[in-house]
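All residue numbers for the sequence shown refer to this note's numbering, where the first residue is 211 and numbers rise by one.
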Amino acid sequence: MRTQVVIVGGGPSGLLLSQILHLRGIETILLERQSEAYVLGRIRAGVLEQGLVDMLRGADVGARMDTQGLVHHGFDISHHGQRQHINLSELTDGKSVMVYGQTEVTQDLYDARRKMNGVVIHEAKNVALFDLTTNQPHVTYEKDGKTHKVDCDFVAGCDGFHGVSRQSIPDHLRREYEKVYPFGWLGVLSETPPVSDELIYNQHERGFALCSMRNKNLSRYYIQCDLNEDLNEWSDDRFWEELKKRIPEDAAKNLVTGPSIEKSIAPLRSFVSEPLTYGRLFLAGDAAHIVPPTGAKGLNLAASDIHYLSNALISFYNSDNEGLLNAYSETALKRIWKAMRFSWSMTMLLHKFPENEGFGDRMQKTELEYLFSSTAAQTALAENYVGLPY
Ligand code: APR
Ligand code: PHB
Numbered sequence: 211m212r213t214q215v216v217i218v219g220g221g222p223s224g225l226l227l228s229q230i231l232h233l234r235g236i237e238t239i240l241l242e243r244q245s246e247a248y249v250l251g252r253i254r255a256g257v258l259e260q261g262l263v264d265m266l267r268g269a270d271v272g273a274r275m276d277t278q279g280l281v282h283h284g285f286d287i288s289h290h291g292q293r294q295h296i297n298l299s300e301l302t303d304g305k306s307v308m309v310y311g312q313t314e315v316t317q318d319l320y321d322a323r324r325k326m327n328g329v330v331i332h333e334a335k336n337v338a339l340f341d342l343t344t345n346q347p348h349v350t351y352e353k354d355g356k357t358h359k360v361d362c363d364f365v366a367g368c369d370g371f372h373g374v375s376r377q378s379i380p381d382h383l384r385r386e387y388e389k390v391y392p393f394g395w396l397g398v399l400s401e402t403p404p405v406s407d408e409l410i411y412n413q414h415e416r417g418f419a420l421c422s423m424r425n426k427n428l429s430r431y432y433i434q435c436d437l438n439e440d441l442n443e444w445s446d447d448r449f450w451e452e453l454k455k456r457i458p459e460d461a462a463k464n465l466v467t468g469p470s471i472e473k474s475i476a477p478l479r480s481f482v483s484e485p486l487t488y489g490r491l492f493l494a495g496d497a498a499h500i501v502p503p504t505g506a507k508g509l510n511l512a513a514s515d516i517h518y519l520s521n522a523l524i525s526f527y528n529s530d531n532e533g534l535l536n537a538y539s540e541t542a543l544k545r546i547w548k549a550m551r552f553s554w555s556m557t558m559l560l561h562k563f564p565e566n567e568g569f570g571d572r573m574q575k576t577e578l579e580y581l582f583s584s585t586a587a588q589t590a591l592a593e594n595y596v597g598l599p600y
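Take a look at the structure:
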């Protein structure tokens, strides 16, 4: 087989890149090692920056988002009995975010790929990348007991943190930066009405808590927990009781509890691998970087990578210009590091750090009190939350 761009990974990054390139007449073959059902079974955050909303609409994938998504113009932060509304739209000249689950985004992308007869190969096992430093790379994969070979011009590594693409860049050429946080998030999905119309981020001496949602009848809650927590020790009742202790009193009173339809613990890390390119291989999304979910930047950062990478590939094929491809890594990393900074700062601000006893706790409290009292500080937070320019 031969194509112009092989895309490894059928998550949001790979699917969005495939859709955008297909619309511009560029051939792709997407190789996903899992089944579509497995990919769609993942529960992920869903706060979309305007940039991603625009990209989905521009790629003919925005219709369901526009009917089912919830436009949010702000969110609340609470700490030590205080609660502050961050009015995103007022602070950012009218910008907002769209609350729409990543699972729904992925479903919409799969539907769009099917509608356009996009080549998406599931259960493609043991993908391997070859001749990346030549102008004729190729990829092999196994399916139905056979090994298949795909010749191509470029390989887009959209295969997430555990994928093969980043590992295909020789160790001595890669610089990795990582911070692992000493706690996790215990998340619950419940078919209950959200406790509030907007999200509430809670800094509490018992640990962080977040009240979020997927729609008016599907709520998503998180509490900070130890990394070695045993999920079996967390009944629904225990979760709800702990959540109530960490959120504002009026919210705790209004909280509608119900059976969890999903419950899981996720670790938190900050991670960046540089550079994003190796010959004809280009990394995008979680294959290149991981952010703690506190700032809801994972999906949005994948989107800006795909914005830069798709523009670069389109420029190459339409104008025979390699300039944007050569600049991709440096360009994308500038925005990646700013989102890395924001996600790290939100995580440091809102979570309980055992080593913070005393001075550190007071610094956190003072930081929050300053934020609550300063329009300038709120503006800085708001412009990062709605998404810095591409
Ligand atoms: N071969 C083929 N596919 C692979 C391989 C491989 N060797 N390794 C991983 N994959 C697939 C995974 O099964 C997954 O479906 O690549 C896909 C990567 O998708 P994501 O991990 O979702 O990464 P990305 O598409 O960049 O989306 C980033 O997803 O994980 C969240 O928080 C993250 O919101 C962010 C978003
Ligand atoms: C979520 O709804 O899963 C969510 C929302 C906002 C975040 C993190 C997670 O910052």
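C-beta atoms are modelled at their ideal positions from N, C-alpha and C, and glycine is treated no differently.
| said: Is it buried or exposed, D303, if we count other Cβ atoms within 10 angstroms and call 16 or more buried? | reply: Taking a 10 Å sphere around the C-beta of D303, we find fewer than 16 other C-beta atoms and assign the residue as exposed.
| query | Buried or exposed: Y248, going by 16 or more other Cβ atoms within 10 Å of its Cβ? | reply | Y248 should be labelled exposed.
| task | Measure how close the beta-carbons of L493 and R254 come, nearest whole angstrom, since I'm counting them as under 8 Å. | result | Actually they are not in contact, since the Cβ atoms of L493 and R254 sit about 19 Å apart, beyond 8 Å.
| field | According to DSSP, residues forming a beta bridge with L399 | value | L399 is bridged by DSSP to R430 and E472.
| task | Confirm the yes/no value for this check: CB of Y248, any heavy atom of the ligand APR, distance under 8 Å. | result | It does: the Cβ of Y248 is within 8 Å (strictly closer) of some heavy atom of the ligand APR.
| query | Cα separation between T576 and R479? | reply | Distance from the CA atom of T576 to the CA atom of R479, rounded to whole angstroms, is 25 Å.
| field | Residue range of the unbroken beta strand (DSSP E) whose run includes M326 | value | Under the DSSP assignment, M326 falls outside any beta strand (DSSP E); it carries neither an H nor an E label.
| Straight-line Cα distance separating S525 from I379 | Straight-line Cα distance between these residues: approximately 24 Å.
| Own chain, CB closer than 8 Å to D436, minus 5 neighbours either side, in chain order | For D436, where only same-chain residues beyond five positions count, the Cβ hits under 8 Å are F393 and G394.
| request: Tell me whether V390 counts as near the ligand PHB, meaning its Cβ is closer than 8 Å to at least one heavy atom of that ligand. | output: No, since every heavy atom of the ligand PHB falls outside the 8 Å radius drawn around the Cβ of V390.
| request: Check whether the Cβ of P564 sits closer than 8 Å to any heavy atom of the ligand APR, and report yes or no. | output: Not a single heavy atom of the ligand APR lies less than 8 Å from the C-beta of P564.
| message | Three or more C-beta pairs under 8 Å: does that hold for the stretch 255-273 against the stretch 552-560? | response | Pairwise C-beta distances place the stretch 255-273 out of contact with the stretch 552-560, as fewer than three of them are shorter than 8 Å.
| said: Please determine whether the Cβ atom of R430 lies at a distance below 8 Å from any heavy atom of the ligand PHB. | reply: Indeed, a heavy atom of the ligand PHB lies less than 8 Å from the Cβ.
| message | Residues in the same chain with beta-carbon distance under 8 Å from S222, minus the five sequence neighbours each way, listed in chain order, please. | response | Reading off the sequence, residue 222 comes out as Pro, not Ser. Here P222 has Q312, V315, T316, L319, G495, L509, A512 and A513 as same chain residues with Cβ atoms under 8 Å from its own Cβ, once five neighbours each way along the sequence are excluded.
| task | Please look up how many angstroms separate the CB atoms of L486 and A542, rounded, as I've assumed it's under 8 Å. | result | Sure, about 6 Å apart at Cβ, within 8 Å.
| task | Output the distance between the C-alpha atoms of Q292 and S584, rounded to the nearest integer angstrom. | result | Spanning the two alpha carbons is a distance of roughly 15 Å.
| query | If you follow the beta strand (DSSP E) that K335 is part of, which residue opens it and which one closes it? | reply | Per DSSP, K335 belongs to the beta strand (DSSP E) from K335 to F340.
| request: Using 10 angstroms around the beta-carbon of H517, count the other beta-carbons present and answer buried if the total reaches 16, otherwise exposed. | output: Buried, since its Cβ has 16 or more Cβ neighbours within 10 Å.
| said: Applying the 10 Å Cβ sphere with the 16-neighbour rule, what's the burial state of Q413? | reply: Here Q413 is buried, its C-beta having at least 16 other C-beta atoms within 10 Å.
| Could you give the uninterrupted runs of the beta strand (DSSP E) lying entirely in the stretch 467-529, keeping only those of 3 residues or more? | Counting whole runs of 3 or more residues, the stretch 467-529 contains the beta strand (DSSP E) stretches 470-484 and 491-493.
| message | Taking the alpha carbon of I457 as the reference point, which residue from Q294, I230 and W554 has its own alpha carbon closest? | response | Check the Cα spacing between I457 and each of Q294, I230 and W554: the tightest is with Q294.
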